[in-house]
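Trainee: Pasting in a structure now, in structure tokens, and then I'll have a few things to ask.
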Ligand SMILES: Nc1ncnc2c1ncn2[C@@H]1O[C@H](COP(=O)(O)OP(=O)(O)OP(=O)(O)O)[C@@H](O)[C@H]1O
Ligand SMILES: Nc1ncnc2c1ncn2[C@@H]1O[C@H](COP(=O)(O)OP(=O)(O)OP(=O)(O)O)[C@@H](O)[C@H]1O
Ligand SMILES: [Mg+2]
Ligand SMILES: [Mg+2]
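Chains as they are written, first to last, in our numbering: chain A, 107 to 430; chain B, 3 to 309; chain C, 1328 to 1826; chain D, 58 to 412.
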């Protein structure tokens, strides 16, 4: 990914004048790993860096304490814009941004109300709602499942949205949800998917980060249908991965870099949902390389498109599960 | 209840148990020669990773497993060398090994596959699922026993073989003598170091199998830290089973069963945190009934104390 | 000559443990090796057995020069060794312990029945019967010793080295051992025996080699010498014979009343024990080890709670008191096993010496380091304990020196009552002399002493009264002046039933 | 004179280990095509490069020191307390809850929260001790198991009853603790907080306690030979309980320090993902349970971690090189290379059982 030359440029920039080119850091509270959310964001960030001739540096962290140290170090190392992401970054960014009012920050996926921070949020539950509706319309057994990462509030954006969508179209459908207990355990995720399959679910959505790979495998083995998250995962196995809930973190990162490079960067909150095309569902909001699986069928997609239009127009309001 | 204890559940008990059982048997061998191996977690992780690398290199599961065995044996040889020849405290070495494995696999993931977090290739073929001819048609039993990866069956065979080896064969007898009193064993010309090396290397083989079962049997991929504490559970199983193959199997089954049960209990409005706690609580309770202080303490003493 | 060791020198760094030693063996003889603690006896024999290699010098077996890099090679030349600390596997059976290394097997499967048969046969052949199926950990020490010897015989050894074999045995067991050695020697086996008990040497040995400070000070025919000469050669000076003034017993300092303690397998370890120790007397407890002596000490010292009865110390019922309170009330205790109870091997000499004194030598919860050091250093001088310094770890002391440290520590408690269990086990005669003198001095100063020893001569020499224990009961009590060795032995063996 | 020589000789071992560790790191760096010298320079900068990074290192060392001290004390008493992680989590949780819900002036609540953390960690550890003393359940296993239970329990508490419902409410965490209760930062704008001072004082106190006091003496003797201690009048159960309480209390203090000084709330997973407890155990083992040594080893390990972070920020070499170095280093520090062979041999010999 990032070449050696970038490192050298950076070092020279550190010593020399910073007029030459802008330097931006993407400081992430976790390791990127195979988490599509971060992978995409990193891609969008780098792409913008190239296009707008900005030095980009991605910094991953292993734990919350390390994240704060990295964030502070990025300030100390004098980057012009520091982008970070997710709820996990909130606390640290609040502190650091408040202490450094002259620095510019951006945070993706959550909101921080500070004059030098631009916040970009997502309404994933809208995407999840669509996915749930599609599942509810497609299921033949009236049982659908979801293998979620952890029993934590964040994940409710997925489980609750899904459930609402499901119930809206198919009230008699049973919703099974199981938690892996971590973001990194495909073996257990697979085991959970098998259990749900055993209970009769014919569609089991993956929402367990790396664990989704286990769910996909179970689907392949047992022949049920599944879906992925964030990017279009249907390409990996169109016969079983029939849908994917989308979240355009790459666009967000790209736009942020672009705005800053072009001098149009503004602090404040921005929010991406279905309306802004920040979240979505394959075939509904965006086309896919892989053909639509017959399990879902065009008819369902058309119905879900209608739901989507209703959400965009405000006719349907999907409740934010975190706002009690 | 019926829904809870269906055949599939016992099937998953077997699957969940296998990596733990294999690693715990390795741990038992080490204990039997007086080395307390806290590094099981790391060895299994390396096993899981190198199985995937082997599969990537050779495109053949058998070779992949063999490759994994060789790599893990190298690391267990390192464990043996440092704790036997360089007389380091085995517990320190084990803990360091865990760190090393975590760092090295993540590092190598990037160095070899140029990916982060996980390596996954949908064309990769995992271990086959064996359908056992006659048994698979028996209604309940078939669901439980048939259709697992060969390593599941191998694990059970190894238990029996190891039980026989340790308690019936001459070589197993000598192996046990090393753990019982290494100085006495040495004094009658038993090659203590050789046997210790043998046991540790064998532990490496078993951990490699455990790892392969994780990355090629249960799923077909490698993810960072995918052992997720199974090595430590194996350690618990080793001690709970008093380094006795059958005992180790008993405790591994207990753990696999509780884990399978806890998955199914998630459906029943109990907070998941508590269902996940369950296997550990039950293990604690089991310890209450099966305790053999002397054995555990000997193992520790042999492992060297930090004092 | 069956075996010759010539010009053997062994250096550990700058320290010379053996210097220019000549040592030889004739076929079928019993050869005793004697010397003070640290004289180099074990070192010499370890070289013969391939556990150490000489720095310089040669070893010849039957005229052929050999060099042993490992015990296996020595074994192949027919040399076997029974170590000072037994080399046994407690959880294995007697048969397993004996055949290990040469197990009878079919296709790699250990034939345990055959092993048992072989062991049975071996035991019968050499007149040392054993129960092949019993776990060694459950055997008394004498039986374990026998297992060791049988193991060596099973390995086909005809030169057998015994390092302090009698240190842990009861008189009867010793007698049996010596008899066995003699009969084996008649069958052509050759023995080297290391021991501190010179009387044994006179009883059993054909020839005697004396070591002092790593050098040979003499090799003598047993019939031409006596205990006095041997001691002189060992120590390099005359030993003074101790004389014991008559005791003037005062009131009871220890009273044990109807003490009851259950042991393993619903046998009672102690059954209805009544006894008394008065001020100014030494009460000796004789008995084959494992007949309740250890348990009795533990009950008195508060390490175990009896199931019934009570213990009174200086008139106070201390039965359920914690150890520390009992000690502070007036009990000191030289424990029977110095490594298990008496010391912490990886702590320093000073720290080991401090135990039991540490509550006294404190100020507001802090140990008075200087006073502690001074105290321990004074003992080092008084008992001439050989140690690097007070900071040396206890594990680097020889057993004898550690024993002296422990004895010094307990004498210094200055209590009216002292338990002295095996106070001179494995200690050379010089040190034994010191410890005996101290015990008597303490008695003469008016303290009551309970002496437990498997060494009958020690009991006879020091006690004013002798109690014999058998199977957890008191089998008899005799005034020392009238007791004879035969009488006691008989009581120890359970009266008339066994001899 | 002799002492100097001894100290120098004692240094050979760790220095050699550091060398081997750096060598292993160098190989890893070369494998990914990095420049060894530059990379190590970045690492050094990341750990000690300037005052800011230096304080960063000390900040990271703080919980490691405290957890390590706890483990060290238990080891000294002869108990393999592997439960530092669980004790830390419960300590952190209790501190957070106390800080949130106890009324009173800031300084008072802060002290109370620290005490609550110590007590919670201590009680959790004591529980394991009690299981051992009362039922003979092996401490090493129970503490390992209790870690999982504590982790899930902590997770539950902040996912449901005590969850932060303000803001985005997306995290399993308690609400933010009021600023008046925070442990003060030692320097403006830097991560280092007063917990570090507490940790250093704790190291000295534990050293003083184990080496100078009567109770410490008894604990050490109990650790080196329990029968000897019993014989000398040490009350084993009492001392075991005491050392387990202190041990767990220190781990709890480590958790409380992180909550009150860094995170200002209890956040699910934040204490375990950083492996503070395991690093603490490593530090203890490196220092052979010497309290002051443990503190030094903890700072060394923290330096490796922050150094690796710096390296990752400024080069393309992945972070894991740091853990590789750390692991190889500990592997070899405990290895007996060279002269200490002799000492060990004797030890082995004297371990022969007189059965
Ligand atoms: N491995 C060693 N390294 C250094 N010195 C040693 C070693 N083994 C023995 N020594 C020294 O050699 C001397 C002789 O020891 P040895 O064990 O032979 O004595 P011993 O005559 O058997 O004494 P004891 O009667 O106590 O058994 C001792 O002073 C001891 O300090
Ligand atoms: N590696 C060593 N370094 C230093 N001294 C040693 C070493 N090995 C043995 N020694 C010394 O050798 C001597 C005798 O050792 P050994 O183990 O035979 O003692 P022991 O037989 O238990 O003592 P004792 O016969 O007095 O009961 C002791 O002084 C011991 O300290
Ligand atoms: Mg000796
Ligand atoms: Mg000796």
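Ideal Cβ positions, reconstructed from N, Cα and C, are used throughout, including at glycine. Bear in mind that the values here come from a model prediction, so they are computed numbers and not experimental data.
Just list the beta strand (DSSP E) runs in the stretch 128-154 of chain A, keeping only unbroken ones of 3 residues or longer that don't cross its boundaries, in chain order.
Mentor: 129-133
Trainee: Going by beta carbon distance, what residues of the same chain come within less than 8 Å of residue 1454/C, once the five residues before and after it are set aside?
Mentor: 1507 and 1510
Trainee: Taking just the CA atoms, how far does residue 238/B sit from residue 163/B?
Mentor: 22 Å
Trainee: Can you say whether residue 261/D is buried or exposed, counting buried as having 16 or more other CB atoms within 10 angstroms of its CB?
Mentor: exposed
Trainee: Compare the C-alpha of residue 280/B against each of 215/B, 17/B and 265/B and name the closest.
Mentor: 265/B
Trainee: Would you call the CB atoms of residue 104/D and residue 364/D closer than 8 Å?
Mentor: yes
Trainee: Excluding five sequence neighbours on each side, which residues of the same chain lie with their C-beta closer than 8 Å to the C-beta of residue 1369/C?
Mentor: 1411, 1490 and 1521
Trainee: Could one say the Cβ of residue 285/D lies closer than 8 Å to chain C's Cβ atoms, at least one of them?
Mentor: yes
Trainee: Can you give me the C-alpha to C-alpha distance between residue 347/D and residue 26/B, rounded to a whole angstrom?
Mentor: 32 Å
Trainee: Which stretch, first to last residue, makes up the beta strand (DSSP E) that contains residue 353/A?
Mentor: 347-353
Trainee: On a CA-only basis, which of 338/A, 302/A and 212/A is nearest residue 389/A? Give me that one, please.
Mentor: 338/A
Trainee: Going by beta carbon distance, what residues of the same chain come within less than 6 Å of residue 69/D, once the five residues before and after it are set aside?
Mentor: Here the set comprises nothing.
Trainee: Checking the sheet assignment: what are the DSSP bridge partners for residue 161/A?
Mentor: 129/A
Trainee: What first and last residue would you give for the alpha helix (DSSP H) that runs through residue 392/A?
Mentor: That residue, residue 392/A, is in no alpha helix (DSSP H); it is neither H nor E in DSSP.
Trainee: Counting pairs of Cβ atoms below 8 Å between the stretch 50-57 of chain B and the stretch 201-216 of chain B, do you hit three or more?
Mentor: Touching, yes, given that three or more Cβ pairs across the two stretches are closer than 8 Å.
Trainee: With DSSP as the reference, label residue 259/A as helix, strand or coil.
Mentor: helix
Trainee: Closer than 8 Å, CB to CB, is residue 291/B near chain C or not?
Mentor: no
Trainee: Can you tell me whether residue 1734/C is buried or exposed? The criterion is at least 16 other CB atoms within 10 Å of its CB, across all chains shown.
Mentor: buried
Trainee: For residue 331/A, write down the residues that DSSP places opposite it in a beta bridge.
Mentor: 309/A
Trainee: Below 8 Å, can you find three or more Cβ-Cβ pairs linking the stretch 134-143 of chain A to the stretch 165-177 of chain A?
Mentor: yes
Trainee: Whole angstroms is fine: what's the gap from residue 100/B's alpha carbon to residue 237/A's?
Mentor: For residue 100/B and residue 237/A, the gap between their C-alpha atoms comes out near 40 Å.
Trainee: Could you give the first and the last residue of the continuous alpha helix (DSSP H) run that contains residue 21/B?
Mentor: 9-34
Trainee: Return helix, strand or coil for residue 1656/C, following the three-state DSSP convention.
Mentor: helix
Trainee: Compare the Cα-Cα distances from residue 261/A to each of 193/A, 148/A and 411/A and report the closest residue.
Mentor: 193/A
Trainee: Rounded to whole angstroms, how far is the Cβ of residue 1463/C from the Cβ of residue 1398/C, which I believe are closer than 8 Å?
Mentor: No, residue 1463/C and residue 1398/C are not in contact; Cβ-Cβ is about 20 Å, not under 8 Å.
Trainee: Would you say residue 257/A reaches chain B, if we count a Cβ-Cβ gap shorter than 8 Å as a contact?
Mentor: yes
Trainee: Taking the alpha carbon of residue 29/B as the reference point, which residue from 200/B, 289/B and 292/B has its own alpha carbon closest?
Mentor: 200/B
Trainee: Between the stretch 134-147 of chain B and the stretch 1374-1382 of chain C, do three or more beta carbon pairs fall short of 8 Å?
Mentor: No, the stretch 134-147 of chain B does not touch the stretch 1374-1382 of chain C.
Trainee: Helix, strand or coil: how does DSSP classify residue 72/D here?
Mentor: helix
Trainee: Buried or exposed, going by whether 16 or more other CB atoms sit within 10 Å of the CB of residue 1575/C?
Mentor: Exposed is the call here.
Trainee: Does any residue of chain B have a CB that is nearer than 8 Å to the CB of residue 1464/C?
Mentor: no
Trainee: What residues in the stretch 1768-1799 of chain C have a beta carbon less than 7 Å from any beta carbon of chain B?
Mentor: Residues passing the 7 Å Cβ filter: none.
Trainee: If you draw a straight line from the alpha carbon of residue 229/A to that of residue 211/A, how long is it in whole angstroms?
Mentor: Between residue 229/A and residue 211/A, the alpha-carbon positions lie close to 21 Å from each other.
Trainee: Mind listing the chain D neighbours of residue 178/A? Cutoff is C-beta to C-beta under 9 Å, in chain order.
Mentor: 109, 113, 246, 247 and 248
Trainee: Does residue 9/B get closer than 8 Å to chain C when you measure Cβ to Cβ?
Mentor: no
Trainee: Run down chain D in chain order and give the residues with a C-beta less than 7 Å from the C-beta of residue 205/A.
Mentor: 246
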